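Trainee: Before I ask anything, here is the structure I am working with.
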Amino acid sequence: MFNRRRSNELMMFVSLLVVMRVQTQFRKCIDLIIPHTAESLINKKDCFANHSTVTLSCSVKLGGPPFNTCQNGTWELPSASCDGFTCDPPSVGDSVILTPNKTTYLARETVSFSCGGLNLTGPSDASCGHRWIWDNKQIPVCETFCNVLPEIVNGNVNSTDQIDLGDELDIVCRANYSVPAGEDPFIRCNGEQWSSIPTCYPQCKPLEEPEYGIVSPGLAQGITVNYSCEWGFELNGTRSVECQNATWSVHTTPTCDAKPCFPSFEQQNHLVYEPVNYVYRNGSTVNFSCEGDSRLEGEPFAICLYGNWSNSPDCLESCNVTGVPNSNLTESTLLPDSKSTTVECDNGFTFFEGRSGFDLKCSNGTLSREIPIKCFADCQTVANIPNGHITSSVYHGVTVNISCDPGFLLKGPSTALCDDGYWTPEIVSSCEGLSSSTVGSTTVSTVSDGTPPLTNETTPSRGTSEGFLS
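If you read the sequence shown in this note's numbering, its first letter stands for residue -7, the second for the next number, and so on.
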């Protein structure tokens, strides 16, 4: 649509300067068409001399040349006009860019059309013409080549909506056809053209899955699929195949076989197994036994189950127990693993400080405690000495203390140690009565038999170890 404004609503002034040169030898010019808006401003003339020049100017838009010259009776240029009209912006399609972009355009002014990278359909410019009408009535629009859907070999693209820049349309292939592996299953509108247009290729037929096996998905041209097996099975045959021209690269289906077992127990000490093989098929049975005095821990057999043994045996070693003299175990013997025994000293014997027995347990070749070298004899009981006292104990390794009643002095050692049936030192102590005489301020004590008195100092005793075997 175009808005119109009448030219009489504008004030237009034209000044006409006529420069005349008179040369009588040439013909004169007549009938110079003067713009209508300048008629009241100039003295109208009927004739202009040859080589006379007329200069025109308008207060509005000048249409035509701004001057004209008489050349031997004829005007050199077409007549000019003063255009006093304007135009509103032209009608254009969406996204069309106007240059210059204005709200009002002067008479004869030209505007250019562009699409910013899209495809321009229609005129590239237009001029504001007489009667406020643009000289090019066709409306320019911006279009993309994406408005035309491409042809897809063995497929198509379905779309009824308007397609905009960046839109993606899915490729629909015919039955049992698909876009090759690794290619986009769609096309994208990039503005001036579509993205890479794929072709639909025939698919390969579905592969047969091996028993206890799995096939990765895919039937498209160029795809590689892989075979794998369930837990406990291993693949025997081709691991992967490729689809090319509706045909798989390998036609034989692999198998999934139960995993075999290997003799992982062959490094264990004292273990004997049969039969002896480098590899055992699934379901095979192996029997176990132990060498010597070792004890078999676990079931005496194992079954190969999909690459793993049902039982992990172990041979546990016995313990060597040395004999303990003067006990119920005088001879060395073997104590089987996990077994226990009790060692008891004979009557009148202990192994340390009154302890007469101990327990032993074997744990895979190691005893629960050290074994003493022997059971030691107890010492004879010593009666209390007159006027004195001896602590009561007769066991090996025990020390007794000897003391006297008040008013008596100890003659002999104050302690004695029982060492394998003997007191060390021998107990010969006695308690003697005291007689006193005063010398000056010092009291001297003597024993009634005239011998020097013994003090109550402790006589060092001979120590002994518990006596264990290392």
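The C-beta atom is built at its ideal place from N, Cα and C for all residues, glycine as well. Note that the structure is predicted; figures quoted are calculated from it, not measured.
1. Below 7 Å CB to CB, which residues in the same chain sit around LEU327 once its five sequence neighbours on both sides are set aside?
2. Give me the residue from ALA72, LEU141, GLU68 with the minimum Cα distance to LEU48.
3. GLY432 by DSSP, collapsed to three states: which one?
4. Just to confirm my understanding: we take ARG273, look at its own chain, exclude 5 residues before and 5 after, and list those with CB closer than 6 Å. What are they?
5. Apart from the five residues just before and just after SER151, which ones in its own chain have a Cβ nearer than 7 Å to its Cβ?
6. Are CYS138 and SER87 touching if we call contact CB-CB under 7 Å?
7. Measuring only the C-alpha atoms, how far is ALA173 from PRO198?
8. So the beta strand (DSSP E) GLY475 belongs to, where does it begin and stop?
9. Going by the DSSP bridge assignment, what does GLN154 pair with across the sheet?
10. Grab the span of the beta strand (DSSP E) containing ASP306 for me, first residue to last.
11. If you check the beta carbons only, do THR330 and CYS307 fall under 7 Å apart?
12. Within 10 Å of its beta-carbon, does LEU321 have 16 or more other beta-carbons around it, so buried, or fewer, so exposed?
13. Buried or exposed: where does ALA167 fall if 16 or more other Cβ atoms within 10 Å of its Cβ makes it buried?
14. Tell me the rounded alpha-carbon separation between ALA41 and PRO57.
15. Going by the CB atoms, is the gap between SER241 and VAL463 shorter than 7 Å?
16. According to DSSP, which residues form a beta bridge with TYR387?
17. Measuring only the C-alpha atoms, how far is CYS471 from THR45?
18. So, for HIS243: in the same chain, excluding its five sequence neighbours on each side, which residues have a beta-carbon less than 7 Å away from its beta-carbon?
19. Quick check on the burial criterion: 16 or more other C-beta atoms within 10 angstroms. Buried or exposed for HIS122?
20. Is the separation between the beta-carbon of ILE463 and that of SER187 shorter than 7 Å?
21. With C-beta atoms as the reference, is ILE394 less than 7 Å away from SER406?
22. Tell me which residue opens and which closes the beta strand (DSSP E) that GLN236 is part of.
23. Rounded to the nearest angstrom, what separates ASP156 and ASN146 at their Cα positions?
24. Do you know offhand how far PHE343's Cα is from PHE257's?
25. Leaving out five residues before and five after SER302 in sequence, what residues of the same chain have Cβ atoms less than 7 Å from its Cβ?
26. How many Å lie between ALA238 and THR216 at the Cα?
27. Give the secondary structure of ILE34 by DSSP, where H, G and I count as helix, E and B as strand, and everything else as coil.
28. In the DSSP output, which residue or residues are listed as bridge partners for PRO194?
29. Measure the alpha-carbon distance for SER433 versus GLY399 and round it to whole angstroms.
30. Note down the Cα distance separating VAL271 from PRO190, rounded to an integer number of angstroms.
31. Report yes if the C-beta distance between CYS367 and TRP415 is below 7 Å; otherwise report no.
32. Do TYR193 and GLU222 have their C-beta atoms closer together than 7 Å?
33. Just mark THR95 as buried or exposed, buried being the case when its beta carbon has 16 or more other beta carbons within 10 Å.
34. Quick check on the DSSP output: the beta strand (DSSP E) that includes ARG287 runs from which residue to which?
35. Under a three-way DSSP split, which group does THR342 fall into?
36. Taking 8 Å as the limit between beta carbons, can you name the residues of its chain near PRO132, skipping five residues before and five after?
Mentor: So, from the data block:
1. In the sequence shown, counting from the first residue as 1, residue 327 sits at position 335. Within the same chain, LEU327 has close Cβ partners SER310, CYS311, VAL313, THR333, LEU352, CYS354.
2. Residue mapping note: residue 48 aligns to position 56 of the sequence shown, counting from 1. Checked all of ALA72, LEU141, GLU68; the closest Cα to LEU48 is ALA72.
3. The residue you call residue 432 lines up with position 440 of the sequence shown. Its pLDDT being 32, under 50, GLY432 is placed unreliably in this model, and the value from its coordinates should be taken loosely. Coil at GLY432, not helix or strand.
4. For this step, residue 273 is matched to residue 281 along the sequence shown. Excluding sequence neighbours, ARG273 sits near PRO252.
5. What you label residue 151 is simply residue 159 of the sequence shown in a count that begins at 1. Hits under 7 Å: LEU141, LEU161.
6. Indexing the sequence shown from 1 puts residue 138 at position 146. Indexing the sequence shown from 1 puts residue 87 at position 95. The answer is no: Cβ separation not under 7 Å.
7. Translated into the one-based positions of the sequence shown, residue 173 becomes position 181. Translated into the one-based positions of the sequence shown, residue 198 becomes position 206. Answer to the nearest angstrom: the Cα atoms are 15 Å apart.
8. Residue 475 falls outside the range modelled here, since the chain spans only -7 to 462, and no answer is possible.
9. As a working note, residue 154 is residue 162 in the sequence shown. Note: GLN154 sits in no beta bridge, so no partner.
10. Sequence index remark: in the sequence shown, residue 306 carries index 314 (1-based). 306 to 308 is the extent of the beta strand (DSSP E) around ASP306.
11. Sequence index remark: in the sequence shown, residue 330 carries index 338 (1-based). Sequence index remark: in the sequence shown, residue 307 carries index 315 (1-based). A quick correction: the sequence has Ser, not Thr, at residue 330. In this structure, CYS307 does not lie closer than 7 Å to SER330 by Cβ.
12. Taking the first residue of the sequence shown as position 1, residue 321 is located at position 329. Looking at its Cβ environment, which holds 16 or more other Cβ atoms inside 10 Å, LEU321 is buried.
13. Counting from 1 along the sequence shown, the entry for residue 167 is found at position 175. ALA167 should be labelled exposed.
14. What you label residue 41 is simply residue 49 of the sequence shown in a count that begins at 1. What you label residue 57 is simply residue 65 of the sequence shown in a count that begins at 1. Between ALA41 and PRO57, the C-alpha separation is close to 20 Å.
15. Because the chain in this structure spans residues -7 to 462, residue 463 falls outside the shown range and cannot be described.
16. Locating residue 387 in the sequence shown gives position 395, counting from the first residue. In the DSSP assignment, no residue is bridged to TYR387.
17. No statement about residue 471 is possible, as the shown extent of the chain runs from -7 to 462 and does not include it.
18. Looking up residue 243 in the sequence shown gives position 251. Same-chain partners within the cutoff: there are none.
19. By one-based count along the sequence shown, residue 122 stands at place 130. Classification for HIS122: exposed.
20. Summary: the structure shown does not reach residue 463, with the chain confined to residues -7 through 462, and so no result is reported for it.
21. Your numbering for residue 394 matches position 402 in the sequence shown. Your numbering for residue 406 matches position 414 in the sequence shown. Result yes, Cβ atoms of ILE394 and SER406 sit closer than 7 Å.
22. Counting from one through the sequence shown, the residue named residue 236 turns up at place 244. It spans 232 to 236 - the beta strand (DSSP E) in which GLN236 sits, taken as one unbroken run.
23. As a first step, residue 156 must be located in the sequence shown, where it is residue number 164. As a first step, residue 146 must be located in the sequence shown, where it is residue number 154. So the alpha carbons of these two residues sit roughly 25 Å apart.
24. What you label residue 343 is simply residue 351 of the sequence shown in a count that begins at 1. What you label residue 257 is simply residue 265 of the sequence shown in a count that begins at 1. A straight-line Cα-Cα distance of about 44 Å links PHE343 and PHE257.
25. For the purposes of this step, residue 302 is taken as residue 310 along the sequence shown, with counting starting at 1. Closer than 7 Å at Cβ, skipping near neighbours: ALA294, ILE295.
26. The count along the sequence shown starts at 1 and reaches residue 238 at position 246. The count along the sequence shown starts at 1 and reaches residue 216 at position 224. Distance between the alpha carbons of ALA238 and THR216: 13 Å.
27. Within the sequence shown, the letter at position 42 stands for residue 34. With a pLDDT of 41 at ILE34, under the threshold of 50, the predicted position of this residue should be treated as unreliable, though the coordinate-derived value follows. Reduced to three states, the DSSP call for ILE34 is coil.
28. By one-based count along the sequence shown, residue 194 stands at place 202. BP columns for PRO194 point to TYR169.
29. As a working mapping, residue 433 is identified with position 441 in the sequence shown. As a working mapping, residue 399 is identified with position 407 in the sequence shown. Any reading at SER433 must be qualified, since the residue scores a pLDDT of 30, below 50, and its modelled position is unreliable; the value itself is stated next. If you take the alpha carbons of SER433 and GLY399, they lie about 20 Å apart.
30. By one-based count along the sequence shown, residue 271 stands at place 279. By one-based count along the sequence shown, residue 190 stands at place 198. Approximately 53 Å, taken between the alpha carbons.
31. Locating residue 367 in the sequence shown gives position 375, where the first residue counts as 1. Locating residue 415 in the sequence shown gives position 423, where the first residue counts as 1. No, Cβ-Cβ distance for CYS367 and TRP415 is not below 7 Å.
32. The residue labelled residue 193 in the question sits at position 201 within the sequence shown. The residue labelled residue 222 in the question sits at position 230 within the sequence shown. No, Cβ-Cβ distance for TYR193 and GLU222 is not below 7 Å.
33. For the purposes of this step, residue 95 is identified with residue 103 of the sequence shown, where counting begins at 1. The residue in question, THR95, is exposed, as its Cβ has fewer than 16 Cβ neighbours within 10 Å.
34. Within the sequence shown, residue 287 is the residue found at index 295, counting from 1. Taken as a continuous stretch (DSSP letters only), the beta strand (DSSP E) holding ARG287 covers 287 to 289.
35. In the sequence shown, counting from the first residue as 1, residue 342 sits at position 350. If DSSP states are grouped into helix, strand and coil, THR342 belongs with the strands.
36. The residue labelled residue 132 in the question sits at position 140 within the sequence shown. Correct list, in chain order: VAL84, GLY85, VAL88, PHE105, LEU112, THR113, GLY114, PRO115, SER116.
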